[in-house]
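Peer 1: Have a look at this one before I ask anything.
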Amino acid sequence: MNSKKKYLEIAVNRPINETFYYENPASGEIDPAGKRVAVDFGRSRLTGYIISSTEKLPEHIKKGITIKKTGKFIDDSPVFDIKTIELASWISSFYFCSLGQAMSTIIPSGKRGVTPEASQIFKDDMDLKKLNAEQNTAVEKIKKGISANAGESFLLHGITGSGKTEVYRHCAEFAVNTGKKVIILVPEISLTPQTISRFGALFGDRIAVLHSRLTPAQRINQWKKIYNNEVDAAIGARSAVFAPFKDPGLIIIDEEHVSSYKANDCPRYHARQVAFHRTRNSGCLVLGSATPSFDTLYHAKNKTINLLELKSRISVHPDPEIKIIDMSEQPSGGVISPPLIKTIKDHFKSGNQSLLFLNRRGYSSFLICSDCSSAIQCPHCSITMTYHRNREILLCHYCGHALKTPKKCPACNTGILKVAGAGTERIEDFLEKRLPDLRISRVDADTTSKKDSLFKILNDFRNKEIDVLVGTQMITKGLDFPDVTLVGVLSAETEINLPDFRSWERTYNQIIQVIGRCGRAEKKGTAVIQTMMPDADPIKSALTGDGEGFFEREMKRRMEMSYPPFSRMIRIVLRGKDLQSTENEAQKTASALKKYKPEEAELLGPAPCPLSKIAKNYRIHVILKGKYISLLQAWIKNAGLQEGTKSKVYYEIDIDPVSMM
């Protein structure tokens, strides 16, 4: 008989980095550690994560304090173990959040119920394909890393169409056949069905799926299948990196360069960094991309990561033909140039499909007054509102504020409002008028908000029920449609002039990724790039295939400015509804940081963020730069800073930020 465990040590999702003790009304022979339980915390009812149980309260708890009892247990059996707690502790320390916030991020919400298993939705009969020499070399080296189980990491740098997925599949099968578990991450939920299909052919039902489009009950079901060792592989977007295999033998991060692997809310973790941590002493990490992040590529070239290259396409047809259209030479006012319209028609007549990419949803970027030239700005954010014609509203894509489209300019009350710029909705409308015989559809946040709507659109496109698909970044990553022979990039220069040191890298990557979506089967592809800046370095380099030269020029520019990968950064964003209070707090923060500033580090700011106001909150940032992240983290701790609210101002602490906006 085990002794009774009267008290429970519990972590809660609050920015307080300590655990709390509650009385266990159901104390008995079974240790409840690893379960979730409802607890009263202040005036709130929260989910508590039971870290441990004990017969006696620790000495630091004052005598005479009333110990609250827990509510009902959420789980019948444990959903986390000591490995999960260790991972949460590392996240808490590295990303400046509480243990409870980390636990809440790692463990999906929801209670077990009867739900369809997501891994049963998609089926595929793809057997493993024969590898070419480059693929085989990569597979054999990764296999050695898996067998060594010593924390080796690899960058699989393969051009689009070079067969990276087949390398992943061979390595995953090897890992599972040697008794190891596999985690496969994809950057977008849109890629999950395709990935399930490809790995389902290898592992059948022994796959779990983790992503945000599942219901809470589905997510916890999938989580428990992994925790109970009922599956060999877990597939999903960013949060799948936490899949509770005790020691994953292989973690694969496909399209590792994509910014969606970085969380925007506390804890602001990066899935790549978490994967490095989980495989640092055992297992093996594979990062794959046709356009690796320049940080990763730099470390691979400097041999801190093993570099594996796939330089040739697996199919025998020639590379896509690339055409550039200088929009300054085209008729004004056209969102799609006449040459691109003609090319779409030609590919349609040949029985093929087209993909058009524009990194901007809505009907137009904004409405501008014909008299006073004012653009309608969001009253809560420092950004213009996007016009959505279908709903006749102006919408802020940062805070969600919407207003009915006014008849006249609200600034001068006389001028007529006209559209400026183009969004995906306007492109769709334009094409429907110019090409009435073609079936047009679009993929963006507006058309994919309903459950399974994204999967349906992509499935219709795969089944050739759509001729032209217009989309935002969702269509640039990893999708494989054999009948897509034409891709178009509209307004290729959209990001170039943003005040962010990674804007050129992102522009280059997007163009290369979009080009890679065409001509993936036996048909030759064509890529058409529309831009007002054909001579800009990232655009020109993408079109001429000068990736190596662009990388070297970008590294030289960053080294001169001491930007990553030549430094590490922490960005502290202070946001508050009162500008004066936020500015005062920012000055206090800068003063505290200056007091503890290491000699070999740099402090920038405080200064308004490029997006200086979002959702009624003014935003001011302070940036720390230094060679080592541990130095910067210690600096913040010495200055007494932490994520959370202080004096009505919220502090965001972003380790290794991917955006400076």
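Take the sequence shown: its letter number 382 is residue 382 in my numbering, and every next letter is one higher. We put the CB at the ideal spot given by N, CA and C, even for glycine. Please read these numbers as outputs of a predicted model, since none were measured by experiment.
Excluding the 5 residues flanking Cys-409 on each side, which residues of the same chain have their C-beta closer than 7 Å to its C-beta?
Peer 2: By one-based count along the sequence shown, residue 409 stands at place 409. Excluding sequence neighbours, Cys-409 sits near Cys-369, Asp-371, Cys-372, Ser-374, Gly-415, Leu-417.
Peer 1: Determine whether the beta carbon atoms of Ile-305 and Leu-155 lie at a separation below 8 Å.
Peer 2: Residue numbering aside, residue 305 sits at position 305 when the sequence shown is read from its first letter. Residue numbering aside, residue 155 sits at position 155 when the sequence shown is read from its first letter. Contact flag set, yes.
Peer 1: Just list the alpha helix (DSSP H) runs in the segment 166 to 247, keeping only unbroken ones of 4 residues or longer that don't cross its boundaries, in chain order.
Peer 2: Fully enclosed alpha helix (DSSP H) runs of 4 or longer: 192 to 203, 216 to 227.
Peer 1: Taking the alpha-carbon of Phe-501 as reference, which of Ser-53, Leu-358, Tyr-563, Arg-517 has the nearest alpha-carbon?
Peer 2: Along the sequence shown, one-based indexing puts residue 501 at 501. Comparing Cα-Cα distances from Phe-501 to each of Ser-53, Leu-358, Tyr-563, Arg-517, the minimum goes to Tyr-563.
Peer 1: Looking at C-alpha atoms only, which residue of Ile-207, Arg-557, Lys-597 is the closest neighbour of Val-231?
Peer 2: Position 231 of the sequence shown, counting from 1, holds the residue named residue 231. Taking only the C-alpha atoms, the option nearest Val-231 is Ile-207.
Peer 1: May I ask which residues mark the beginning and end of the alpha helix (DSSP H) holding Asp-346?
Peer 2: Position 346 of the sequence shown, counted from the start, is the residue given in the question as residue 346. Its alpha helix (DSSP H) spans residues 338 to 349.
Peer 1: Look up Asp-535 in the DSSP assignment and say whether it is helix, strand or coil.
Peer 2: In the sequence shown, the residue the question calls residue 535 occupies position 535. Three-state result, Asp-535: coil.
Peer 1: Any idea which residues DSSP pairs Asn-306 with across the strands?
Peer 2: Along the sequence shown, one-based indexing puts residue 306 at 306. Beta-bridge pairing links Asn-306 to Phe-154.
Peer 1: So, at 6 Å on beta carbons, what are the nonlocal neighbours of Phe-20 in its own chain, with the 5 sequence-adjacent residues on each side left out?
Peer 2: Here residue 20 refers to the residue found at position 20 of the sequence shown. The answer, listed in chain order, is Ile-10.
Peer 1: CA-CA distance, Asp-81 and Gly-34?
Peer 2: Counting from 1 along the sequence shown, the entry for residue 81 is found at position 81. Counting from 1 along the sequence shown, the entry for residue 34 is found at position 34. Looking at the two C-alpha atoms, the distance is approximately 6 Å.
Peer 1: Quick one: grab the DSSP three-state call for Asp-483.
Peer 2: Counted from its first residue, the sequence shown places residue 483 at position 483. Coil at Asp-483, not helix or strand.
Peer 1: Could you tell me how far apart the beta carbons of Thr-531 and Ser-491 are, in whole angstroms, since I believe they sit closer than 8 Å?
Peer 2: Locating residue 531 in the sequence shown gives position 531, where the first residue counts as 1. Locating residue 491 in the sequence shown gives position 491, where the first residue counts as 1. Confirmed, Cβ separation roughly 7 Å.
Peer 1: Looking only at its chain, what residues have a beta carbon closer than 8 Å to the beta carbon of Tyr-596, apart from the 5 residues adjacent to it on each side?
Peer 2: The residue given as residue 596 occupies position 596 in the sequence shown. Around Tyr-596: Trp-635, Asn-638, Ala-639.
Peer 1: Is the separation between the beta-carbon of Tyr-22 and that of Lys-69 shorter than 8 Å?
Peer 2: For this step, residue 22 is matched to residue 22 along the sequence shown. For this step, residue 69 is matched to residue 69 along the sequence shown. Closer than 8 Å, so yes.
Peer 1: So, are the CB atoms of Cys-399 and Cys-378 less than 8 Å apart?
Peer 2: Taking the sequence shown and counting its residues from 1, one reaches residue 399 at position 399. Taking the sequence shown and counting its residues from 1, one reaches residue 378 at position 378. Yes, the pair counts as a contact, with Cβ atoms nearer than the cut-off.
Peer 1: Which value, in whole angstroms, describes the spacing of the CA atoms of Leu-604 and Thr-296?
Peer 2: One-based indexing of the sequence shown puts residue 604 at position 604. One-based indexing of the sequence shown puts residue 296 at position 296. Computed Cα separation, rounded: 25 Å.
Peer 1: Can you give the Cα-Cα distance for Gly-334 and Gly-200, rounded to whole angstroms?
Peer 2: Locating residue 334 in the sequence shown gives position 334, where the first residue counts as 1. Locating residue 200 in the sequence shown gives position 200, where the first residue counts as 1. Rounded to whole angstroms, Gly-334 to Gly-200 spans 45 Å at the Cα level.
Peer 1: Inspect the CB distances between the segment 264 to 284 and the segment 481 to 495 and report whether three or more fall short of 8 Å.
Peer 2: No contact exists between the segment 264 to 284 and the segment 481 to 495.
Peer 1: With a cut-off of 8 Å on the beta carbons, I'd call Arg-36 and Asp-75 a contact; round off their distance for me.
Peer 2: Walking along the sequence shown from the start, residue 36 turns up at place 36. Walking along the sequence shown from the start, residue 75 turns up at place 75. Yes, they are in contact, since the Cβ atoms of Arg-36 and Asp-75 sit about 5 Å apart, within 8 Å.
Peer 1: In whole angstroms, what separates the C-alpha of Phe-357 from that of Ile-427?
Peer 2: For the purposes of this step, residue 357 is identified with residue 357 of the sequence shown, where counting begins at 1. For the purposes of this step, residue 427 is identified with residue 427 of the sequence shown, where counting begins at 1. Looking at the two C-alpha atoms, the distance is approximately 10 Å.
Peer 1: Taking Cβ positions, are Phe-94 and Ile-655 nearer each other than 8 Å?
Peer 2: Working through the sequence shown from its first residue, we reach residue 94 at position 94. Working through the sequence shown from its first residue, we reach residue 655 at position 655. Yes, the Cβ-Cβ distance between Phe-94 and Ile-655 is below 8 Å.
Peer 1: As a quick exercise: from Thr-507, Glu-522, Arg-434, Thr-195, pick the residue whose alpha carbon is nearest that of Pro-318.
Peer 2: As a working note, residue 318 is residue 318 in the sequence shown. Nearest C-alpha to Pro-318: Glu-522.
Peer 1: Report yes if the C-beta distance between Leu-202 and Ala-240 is below 8 Å; otherwise report no.
Peer 2: The residue given as residue 202 occupies position 202 in the sequence shown. The residue given as residue 240 occupies position 240 in the sequence shown. No; because the gap between Cβ atoms is not below 8 Å, this pair is not in contact.
Peer 1: So, at 6 Å on beta carbons, what are the nonlocal neighbours of Pro-108 in its own chain, with the 5 sequence-adjacent residues on each side left out?
Peer 2: Here the question's residue 108 lines up with position 108 in the sequence shown. Within the same chain, Pro-108 has close Cβ partners Arg-219, Ile-220, Trp-223.
Peer 1: Anyone know if the C-beta pair for His-257 and Ser-315 falls short of 8 Å?
Peer 2: Counted from its first residue, the sequence shown places residue 257 at position 257. Counted from its first residue, the sequence shown places residue 315 at position 315. The answer is no: Cβ separation not under 8 Å.
Peer 1: Three Cβ pairs or more, each shorter than 8 Å: is that satisfied between the segment 573 to 586 and the segment 618 to 635?
Peer 2: Segments in contact, yes.
Peer 1: Give the C-beta separation of Cys-171 and Lys-130 to the nearest angstrom, bearing in mind that I take them to be a contact with Cβ-Cβ under 8 Å.
Peer 2: Numbered from its first residue, the sequence shown carries residue 171 at position 171. Numbered from its first residue, the sequence shown carries residue 130 at position 130. Actually they do not touch by this definition, with Cβ atoms about 15 Å apart.
Peer 1: Check Ala-149 in the structure and name its three-state DSSP category.
Peer 2: Along the sequence shown, one-based indexing puts residue 149 at 149. According to the sequence shown, residue 149 is Asn rather than Ala. DSSP places Asn-149 in coil when its eight states are reduced to three.
Peer 1: Taking the alpha-carbon positions, what's the Asp-265 to Val-649 distance?
Peer 2: Within the sequence shown, residue 265 is the residue found at index 265, counting from 1. Within the sequence shown, residue 649 is the residue found at index 649, counting from 1. For Asp-265 and Val-649, the distance between alpha carbons rounds to 16 Å.
Peer 1: Would you mind giving the Cβ-Cβ distance between Tyr-227 and Val-79, rounded to the nearest angstrom? I have them listed as a contact below 8 Å.
Peer 2: If you number the sequence shown from 1, residue 227 lands on position 227. If you number the sequence shown from 1, residue 79 lands on position 79. Confirmed, about 6 Å.
Peer 1: With respect to the alpha helix (DSSP H) encompassing Asp-429, which residues constitute its N-terminal and C-terminal limits?
Peer 2: On the sequence shown, position 429 is the one that residue 429 refers to. Taken as a continuous stretch (DSSP letters only), the alpha helix (DSSP H) holding Asp-429 covers 424 to 434.
Peer 1: According to DSSP, simplified to helix, strand and coil, what is Leu-254?
Peer 2: As a position in the sequence shown, residue 254 is number 254, starting the count at 1. Strictly speaking, residue 254 in this sequence is Asp, with Leu absent from that position. Three-state result, Asp-254: strand.
Peer 1: Could you check if Met-569 is buried or exposed, using at least 16 other CB atoms within 10 Å of its CB as the buried criterion?
Peer 2: As a working mapping, residue 569 is identified with position 569 in the sequence shown. When all chains shown are included, Met-569 counts as buried.
Peer 1: Quick one: what's got a C-beta closer than 7 Å to Gly-145's C-beta in the same chain, skipping five residues either side?
Peer 2: Start at 1 with the first residue of the sequence shown, and residue 145 comes out as number 145. Once the five neighbours on either side are set aside, the close Cβ partners of Gly-145 are Glu-152, Phe-154, Cys-284.
Peer 1: Who pairs with Val-658 in a beta bridge, going by DSSP?
Peer 2: Working through the sequence shown from its first residue, we reach residue 658 at position 658. BP columns for Val-658 are empty, so no partner.
Peer 1: Kindly indicate the opening and closing residues of the alpha helix (DSSP H) around Ala-38.
Peer 2: Stepping through the sequence shown from its first residue, residue 38 is reached at position 38. From DSSP, Ala-38 is part of no alpha helix (DSSP H) but of the beta strand (DSSP E) over 36 to 41.
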